[in-house]
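Residue numbers (full-length UniProt numbering): 1 to 678.
In this text, a Cβ means the ideal position worked out from N, Cα and C, and glycines have one as well.
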């Protein structure tokens with residue numbers, strides 16, 4: 001026994017648990033400490049008492065009761081609030097974690113359990129050679145999405161170890177500073193922009209990197225799709241409430257994994273959370289492009305996003321093309337040598353090709369000229385108790401408004417009606433085969449949304465008016481530099497839909513073994529027979545058969561981005577003053593209030609009109625103020641309100657990105673916009 005006089009009356013006993021793997025060595029240690037002992041000194045005393053020669057540099061104290069790390073080693077125990085009843089565990093900060101990627105592959109790697117999730121995701125993306133880590137986050141699968149799997153897989157075992165890509169020996173995983181690997185911030189080409197495979201010359205330069213060429217191919221190339229049986233077993237949302245379950249489990253980016261109950265060897269989903277894909281470039285982003293493509297593919301197959309039959313066949317044709325292309329391209333070609341080009345010029349050129357699908361015109365418009373459209377269009381106004389009234393009027397599109405007149409001759413006078421499209425919802429209503437080119441406009445009014453349909457005569461007219469409507473909804477005019485690229489993007493998508501059946505298609509040998517059920521959602525496999533689906537997919541395939549592998553993926557992503565529901569994350573909320581629940585859709589530029597029963601949009605609020613937002617953490621209520629004295633408040637029922645708060649702040653943060661900043665992120669600004677003050 002040690003007398004109290006030896007230590008002094010102000011000392012007290014603290015029980016510490018050491019998380020180590022040494023058998024026969026005591027894990028619990030009782031130390032005599034004082035309140036003015038700093039955390040670093042406590043570590044030193046403990047290590048001296050353990051008497052095990054090993055590297056303790058990755059160890060830190062985890063406070064079990066308060067669910068927090070004691071990382072500020074210069075703080076005293078008194079300042080931390082540690083008393084004799086505290087349960088402190090001396091454990092490693094980097095632990096093994098299983099991540100399921102968008103392509104459904106599982107990787108096992110060491111991740112920091114003490115860093116904020118935002119930083120942990122950044123380190124993970126460096127290991128996986130994914131640029132722009134701020135677009136991704138970690139998701140816990142909610143209980144509701146696992147129920148179907150559990151019922152069907154009661155007798156199934158854990159996935160075999162060979163199905164898991166083990167990256168635990170990579171430098172970042174070990175908590176060491178990482179070599180650049182293929183994650184290169186320079187303009188050195190890292191991937192072949194045609195095939196998406198790692199450039200062989202680059203692999204030799206960066207052979208010490210964290211990702212081997214073989215592992216890189218697993219992540220950067222698409223592999224044969226799943227069986228229809230496997231697809232049927234996966235969770236498929238049927239309603240908006242089901243879709244809300246998919247977004248309930250996002251982790252808090254401002255807290256660590258350990259603080260959020262994540263344990264070693266747990267499995268999380270790594271997903272693109274924010275649907276603003278900045279600076280996609282085939283030379284550096286093969287893994288990123290493939291993972292975005294895979295996330296889009298699974299969202300369509302599992303009907304997480306709605307699309308028409310015509311669109312589903314386009315997606316199926318692009319997927320089928322991927323698989324057939326991969327089976328034929330067993331050997332990859334080296335990327336061709338290119339002459340040196342100015343960095344900015346090369347980046348802009350690649351951005352145009354990847355995001356716009358073509359070259360921009362070099363002709364600069366006169367900035368004093370205000371572009372306008374004027375044409376005969378059909379106006380359709382739905383009537384509740386009668387058939388739709390269809391009439392042809394003379395329409396004039398100027399700035400962000402549409403005016404229509406009885407005919408061209410009366411266009412100099414007062415219009416019949418003027419529609420301001422700023423903040424409206426623009427929904428395509430197109431069937432190329434039936435020559436139907438419609439634009440559905442949902443225009444915000446005081447008591448909800450005013451519904452208007454415009455019907456165009458042909459593809460060119462539709463592309464011009466649709467592009468103008470899309471820009472106007474964002475508060476931009478046709479003078480904006482993105483107008484022509486938007487027109488070209490719409491025409492490109494329509495061209496993919498406009499196919500004619502080739503009589504020789506069915507006889508092509510590469511299509512003999514096609515299983516169409518693997519490329520469309522279960523709804524369409526029930527609607528059509530296998531032979532019918534095969535024929536229709538091959539029919540659609542004619543328009544995409546000449547594309548390179550990466551181009552086909554980019555076209556798939558582009559088509560996904562063209563869907564009306566693209567980028568919407570749903571949550572069940574209760575608005576202040578309302579007696580029923582609604583669905584809130586969160587997008588990159590707006591919030592949409594949606595009727596849960598009908599799925600119809602009620603009101604749209606643009607981020608560009610937002611003055612401020614805050615959270616009352618006591619009652620978990622989000623309050624937002626917009627221009628023109630518009631304010632809303634709601635509580636979130638399907639998830640923590642912190643998730644919606646982080647979504648809004650995250651999208652605003654991403655809108656500040658610029659290529660001039662050399663890819664350095666203002667992490668402090670991100671946490672300021674998303675962290676909240678709980």
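Cα separation between residue 248 and residue 587?
-> Straight-line Cα distance between these residues: approximately 15 Å.
Smallest Cα separation from residue 421: which of 12, 666, 130, 440?
-> Checking every option, the nearest Cα to that of residue 421 belongs to 440.
N- and C-terminal bounds of the alpha helix (DSSP H) containing residue 492 = Residues 483-497.
Assigned secondary structure, residue 111 (DSSP; H/G/I helix, E/B strand, else coil) = In this structure, residue 111 counts as strand in the three-state DSSP scheme.
Which first and last residues belong to the alpha helix (DSSP H) in which residue 119 is found?
-> Per DSSP, the continuous alpha helix (DSSP H) segment holding residue 119 begins and ends at 117-128.
Look at residue 245 and residue 165 and say whether their C-beta atoms are less than 9 Å apart.
-> Contact: no.
Nearest CA to the CA of residue 455: which residue from 91, 464, 131, 379?
-> Residue 379 holds the alpha-carbon nearest to the alpha-carbon of residue 455 among 91, 464, 131, 379.
Which residues share a DSSP beta bridge with residue 419?
-> Beta-bridge partners assigned by DSSP to residue 419: 402.
Which listed residue (240, 45, 103, 140) has its alpha carbon closest to that of residue 598 | Nearest in C-alpha terms to residue 598, of all of 240, 45, 103, 140, is 240.
What's the call for residue 208, buried or exposed, on a 16-neighbour Cβ count within 10 Å?
-> Its pLDDT being 39, under 50, residue 208 is placed unreliably in this model, and the coordinates cannot settle the point.
DSSP three-state assignment for residue 655, whether helix, strand or coil | Note: residue 655 maps to coil in three-state DSSP.
Please confirm if the stretch 559-576 is in contact with the stretch 534-550, defined as three or more CB-CB distances below 8 Å between the two stretches.
-> At 8 Å Cβ cutoff, the stretches do not touch.
Does the beta carbon of residue 633 sit closer than 9 Å to a beta carbon anywhere in chain D?
-> Looking for chain D here will not work: only one protein chain is present.
Check: residue 443 C-beta below 8 Å from any heavy atom of the ligand SAH | The ligand SAH is absent from the structure shown, which contains no ligands of any kind.
Buried or exposed for residue 449, please, with buried defined as at least 16 other CB atoms from any protein chain shown within 10 angstroms of its CB.
-> With 16 or more other Cβ atoms within 10 Å, it is buried.
Residue range of the unbroken beta strand (DSSP E) whose run includes residue 306 | Here residue 306 belongs to no beta strand (DSSP E), and DSSP marks it neither H nor E.
Sequence-distant residues of the same chain with beta carbon closer than 7 Å to residue 684, five excluded per side = Outside the shown range of the chain (1 to 678) lies residue 684, about which nothing can therefore be said.
Expressed to the nearest angstrom, what Euclidean distance is found between the alpha-carbon atoms of residue 320 and residue 530?
-> Approximately 14 Å, taken between the alpha carbons.
C-alpha distance - residue 285 paired with residue 277, whole-angstrom precision = Rounded to whole angstroms, residue 285 to residue 277 spans 11 Å at the Cα level.
Those runs of the beta strand (DSSP E) which lie wholly inside the stretch 221-265 and span at least 3 residues = List check, beta strand (DSSP E) in window: nothing returned.
Please determine, among 99, 575, 79, 478, the residue with the shortest C-alpha to C-alpha distance to residue 620.
-> Residue 575 is the option with its Cα nearest to residue 620.
Per DSSP, what kind of secondary structure is residue 355 in: helix, strand or coil?
-> Since pLDDT at residue 355 reaches only 47, below the 50 mark, its modelled position is unreliable, and no value is offered.
Status (buried if at least 16 other CB within 10 Å, exposed otherwise) for residue 649 | Buried, by the Cβ-count rule.
Coarse secondary structure for residue 647, derived from DSSP in three states | For residue 647, the secondary structure class from DSSP, reduced to helix, strand or coil, is helix.
Cβ-Cβ distance between residue 90 and residue 18 below 9 Å = It is a contact, given that the beta carbons lie within the stated cut-off.
State the DSSP-derived secondary structure class of residue 541, mapped to helix, strand or coil.
-> In the structure shown, residue 541 sits in a helix (DSSP, three-state: H, G or I).
CB contact flag (residue 463, residue 419, <9 Å) = No, the Cβ-Cβ distance between residue 463 and residue 419 is not below 9 Å.
For my contact list, residue 301 and residue 100 are in at a C-beta cut-off of 8 Å; report their separation, rounded to the angstrom.
-> Actually they are not in contact, since the Cβ atoms of residue 301 and residue 100 sit about 16 Å apart, beyond 8 Å.
Could you give the DSSP three-state label for residue 515: helix, strand or coil?
-> Correct three-state label for residue 515: coil.
Answer with buried or exposed for residue 478, where buried requires no fewer than 16 other C-beta atoms within 10 angstroms of its C-beta.
-> Residue 478 is classed as buried because its beta carbon has at least 16 other beta carbons within 10 Å across all chains shown.
Note the first and the last residue of the continuous alpha helix (DSSP H) segment covering residue 549.
-> Start and end: 549-561.
Sequence-distant residues of the same chain with beta carbon closer than 7 Å to residue 56, five excluded per side = Answer for residue 56: 47, listed in chain order.
Out of 626, 137, 38, point me to the one whose CA is closest to residue 72's CA.
-> The candidate whose alpha carbon is nearest that of residue 72 is 38.
Given a cut-off of 9 Å, decide if residue 140 and residue 251 are closer than it, judged by their beta-carbon atoms.
-> Yes, the Cβ-Cβ distance between residue 251 and residue 140 is below 9 Å.
What three-state label does DSSP hand residue 670 in the structure shown?
-> Correct three-state label for residue 670: helix.
Ends of the beta strand (DSSP E) at residue 585?
-> From DSSP, the beta strand (DSSP E) with residue 585 extends over 582-586.
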